[in-house]
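Enquirer: Mind looking over this structure? Questions follow.
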Amino acid sequence: MSLSEGELYSVTIFGVTGIPEVRPGDRLGSLIAHAANEQGSPLEEGDILVVTQKIVSKAEGRLVSLSTITASEFAIRFAQHTGRDPRLVELVLRESKGIVRMDPDRGVIISETHHGFVCANAGIDQSNVPGDDVVCLLPEDSDASARRISSEIRQDTGLSIPVIISDTFGRAWREGHVNFAIGVAGMDPMTDYRGELDAQGREMHVTTIAVADELAAAAELVQFKAIGVPVSVARGYPYVPADTGYASLMRDRDRDMFR
Numbered sequence: 011m012s013l014s015e016g017e018l019y020s021v022t023i024f025g026v027t028g029i030p031e032v033r034p035g036d037r038l039g040s041l042i043a044h045a046a047n048e049q050g051s052p053l054e055e056g057d058i059l060v061v062t063q064k065i066v067s068k069a070e071g072r073l074v075s076l077s078t079i080t081a082s083e084f085a086i087r088f089a090q091h092t093g094r095d096p097r098l099v100e101l102v103l104r105e106s107k108g109i110v111r112m113d114p115d116r117g118v119i120i121s122e123t124h125h126g127f128v129c130a131n132a133g134i135d136q137s138n139v140p141g142d143d144v145v146c147l148l149p150e151d152s153d154a155s156a157r158r159i160s161s162e163i164r165q166d167t168g169l170s171i172p173v174i175i176s177d178t179f180g181r182a183w184r185e186g187h188v189n190f191a192i193g194v195a196g197m198d199p200m201t202d203y204r205g206e207l208d209a210q211g212r213e214m215h216v217t218t219i220a221v222a223d224e225l226a227a228a229a230e231l232v233q234f235k236a237i238g239v240p241v242s243v244a245r246g247y248p249y250v251p252a253d254t255g256y257a258s259l260m261r262d263r264d265r266d267m268f269r
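Take any residue in the sequence shown, note its place counting from 1, add 10, and you have its number in the working numbering.
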């Protein structure tokens, strides 16, 4: 899809309801396509799917019972100081490539995951997960997860639908959380305006827009965590087809002034 200069367009975002509780081994693409049909809004060519990380991790069996985790001495000491579960602290350490910040007084661990994401607790989450001591890990390869869902939809419907896997992160300098893209398939996650002219005719040299993050954040407005809407459809956005994944969204460490 492309947008002509001066052309007006609109983007519609709606949730996909009726998706059952996801279990390991489920074909998410099939579940999503079926649910969209059942609610009277079947997928269309040009749509973009935004799928929350939680159901992706459930389908891929990325659930861990803390009863299976033995905490290290370091995790135990940190947990004793903060009142946190030492097994959870241990799992955060295992799922981290490096620790960016630790605040023992508040029990906060900001880490870099093996994927390269910088987030709290290595992205491990306990909300909307069955079981008292069960936690949810990030997908091992979220780009591969997005490609798999897109492929399943293509097999079932014949449609080529880009997929964004989203997760909720905090942000430096800002309160509140927003959804970010942690996996992308079928579209360029960035729009690069470098070399183009602005409205005053000046050439732009640094402006790139993280459109996958923008779509993930916008999709959260209809993906209410409390009522179980884990998937949404963005319709009308003129994306650029690509298979680069989320890599272009990640800032290289040598250009990161805050680590």
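All residues carry an ideal CB built from backbone N, CA and C; glycine is no exception.
What you are looking at is a predicted structure, and each value in this text was computed from that prediction instead of being measured.
Taking the continuous beta strand (DSSP E) assigned at R111, which residues delimit it?
Expert: Unbroken beta strand (DSSP E) run through R111: 106-113.
Enquirer: Entirely within the region 62-138 and at least 4 residues each: give me those alpha helix (DSSP H) ranges in chain order.
Expert: Listed in chain order, they are 63-69, 83-92, 96-104.
Enquirer: Could you check how far apart the C-beta atoms of L73 and V139 are, in whole angstroms? I think they sit under 8 Å.
Expert: The Cβ separation is near 7 Å, so the contact holds.
Enquirer: Can the beta-carbon of L59 be found less than 8 Å from the beta-carbon of V173?
Expert: In this structure, V173 lies closer than 8 Å to L59 by Cβ.
Enquirer: Give me, in chain order, the residues of the same chain whose beta-carbon lies closer than 7 Å to that of L147; leave out the 5 immediate sequence neighbours on both sides.
Expert: The residues are S67, R72, V74, E105, I134.
Enquirer: What I want to know is whether the C-beta of R157 ends up closer than 7 Å to one or more non-hydrogen atoms of the ligand NAD.
Expert: Looking for the ligand NAD in the displayed structure turns up nothing, as the structure carries no ligands at all.
Enquirer: What three-state label does DSSP hand R33 in the structure shown?
Expert: Coil.
Enquirer: Quick one, are the C-beta atoms of G196 and S170 less than 8 Å apart?
Expert: The answer is yes: Cβ separation under 8 Å.
Enquirer: Pick from V21, A182, P34: whose alpha carbon is nearest that of R111?
Expert: The shortest Cα separation from R111 among V21, A182, P34 belongs to A182.
Enquirer: For the putative contact between L38 and A69, defined by C-beta atoms under 8 Å, what is the C-beta separation to the nearest angstrom?
Expert: With 8 Å as the limit, L38 and A69 qualify as a contact, their Cβ atoms being about 5 Å apart.
Enquirer: Under the rule that 16 or more other beta-carbon atoms within 10 Å means buried, what is S77, buried or exposed?
Expert: The residue is exposed, with fewer than 16 neighbouring Cβ atoms inside 10 Å.
Enquirer: How long is the line joining the alpha carbons of D57 and G246, rounded to whole angstroms?
Expert: About 7 Å.
Enquirer: Which same chain residues end up closer than 8 Å to R116 when comparing Cβ atoms and leaving out the 5 residues on each side of it in sequence?
Expert: T92.
Enquirer: Have a look at S20 and A191 and give me their C-alpha separation to the nearest angstrom.
Expert: Their Cα atoms are separated by approximately 21 Å.
Enquirer: To the nearest angstrom, how far is it from the Cα of D198 to the Cα of Y256?
Expert: About 9 Å.
Enquirer: Determine the closest residue to R25 out of T80, A252, R263, V243, with distance taken between C-alpha atoms.
Expert: The question names Arg, but residue 25 is Gly in the sequence shown. That would be V243, whose Cα lies nearest to the Cα of G25.
Enquirer: Less than 8 Å between the CB atoms is what I'm expecting for A229 and S176, so what's the real figure, rounded?
Expert: Contact flag correct, Cβ pair sits at about 6 Å.
Enquirer: D264 by DSSP, collapsed to three states: which one?
Expert: Correct three-state label for D264: helix.
Enquirer: For E100, which residues from the same chain have a beta carbon less than 8 Å from its beta carbon, with the 5 sequence-adjacent residues on both sides left out?
Expert: If we look at E100 and ignore the five residues flanking it on each side, its Cβ neighbours are I79, T80, A81, S82, A85.
Enquirer: Could I get the ranges of all uninterrupted beta strand (DSSP E) runs contained in the region 141-211, with 3 residues as the minimum, in chain order?
Expert: Segments of the beta strand (DSSP E) lying fully in the region 141-211: 144-146, 173-181, 184-195.
Enquirer: Would I159 pass as a contact of L53 if the rule is Cβ separation under 8 Å?
Expert: Going by C-beta atoms, I159 is not nearer than 8 Å to L53.
Enquirer: Using the Cα positions of H125 and T201, report the straight-line distance between them to the nearest angstrom.
Expert: Straight-line Cα distance between these residues: approximately 22 Å.
Enquirer: Assign V241 to one of two classes, buried (16 or more other C-beta atoms within 10 Å of its C-beta) or exposed (fewer than that).
Expert: Buried: at least 16 other Cβ atoms inside 10 Å.
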